[in-house]
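Chemist: Take the sequence shown: its position 20, counted from the start at 1, is 20 in this note's numbering, and no numbers get skipped.
Glycine included, each C-beta is placed from N, C-alpha and C at the ideal position.
Computed from a predicted structure; not experimentally measured.
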Amino acid sequence: MFREGNVMGKYKGWILLIIAIIFEVIATTNVKLADGFTNTWPTVFVFLGLLGAIYFLSKSFIYIPLAVAYAVWVGVGTSGVALIGLFAFDETFGLSRIIGLVLVIIGVSAITLFLNEKDESGSKSLGKEF
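Written as structure tokens, this is what we have:
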């Protein structure tokens, strides 16, 4: 799963992914504040956030398989933005939204927890290494 000979690669990849998620949440939150890209500073934060998100996400792919890193990025980013919407923008949370977010978190957890699980043929289901 991780590059051979790089003991810290596992942690470095996850740190890079967390940074990418933070940038993505900043960018997405500022899309709302940019008001159709008419507010200057939120617009700047959107573009800088997206650049940072893609940069750090691409760097995390060196250490974490593509499917796993992307699923975690989307799932955690979605949950983060939903929570910001709830607390910062007073958006409502109905039962269906809560169930949906719980399912996203369960799905992301399953992908990361069973990363090394082998399929029926005995080979690793997510590939050996990147």
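Under the rule that 16 or more other beta-carbon atoms within 10 Å means buried, what is F56, buried or exposed?
Modeler: Along the sequence shown, read from residue 1 onward, the residue named residue 56 stands at position 56. Looking at its Cβ environment, which holds 16 or more other Cβ atoms inside 10 Å, F56 is buried.
Chemist: Report the CB separation of V108 from G75 in whole angstroms; it is logged as a contact under 8 Å.
Modeler: As a first step, residue 108 must be located in the sequence shown, where it is residue number 108. As a first step, residue 75 must be located in the sequence shown, where it is residue number 75. Between G75 and V108 the Cβ distance is about 4 Å, and since that is below 8 Å, they are a contact.
Chemist: Mapping DSSP to helix, strand and coil, what is T112?
Modeler: As a first step, residue 112 must be located in the sequence shown, where it is residue number 112. Residue state, collapsed to three classes: helix.
Chemist: Quick one: give me the first and last residue of the alpha helix (DSSP H) that V70 is part of.
Modeler: Your numbering for residue 70 matches position 70 in the sequence shown. Before going further, note that residue 70 is Tyr rather than Val in the sequence given. Unbroken alpha helix (DSSP H) run through Y70: L66 to A88.
Chemist: List the endpoints of the continuous alpha helix (DSSP H) containing I62.
Modeler: If you number the sequence shown from 1, residue 62 lands on position 62. Here I62 belongs to no alpha helix (DSSP H), and DSSP marks it neither H nor E.
Chemist: DSSP on G36, reduced to helix/strand/coil?
Modeler: Along the sequence shown, one-based indexing puts residue 36 at 36. It is coil, neither helix nor strand.
Chemist: For a quick check, are the C-beta atoms of G49 and F89 less than 8 Å apart?
Modeler: As a position in the sequence shown, residue 49 is number 49, starting the count at 1. As a position in the sequence shown, residue 89 is number 89, starting the count at 1. Contact: no.
Chemist: Among the residues of its own chain, which have a CB less than 8 Å from the CB of I105, if the five just before and after it don't count?
Modeler: As a position in the sequence shown, residue 105 is number 105, starting the count at 1. Correct list, in chain order: G75 and S79.
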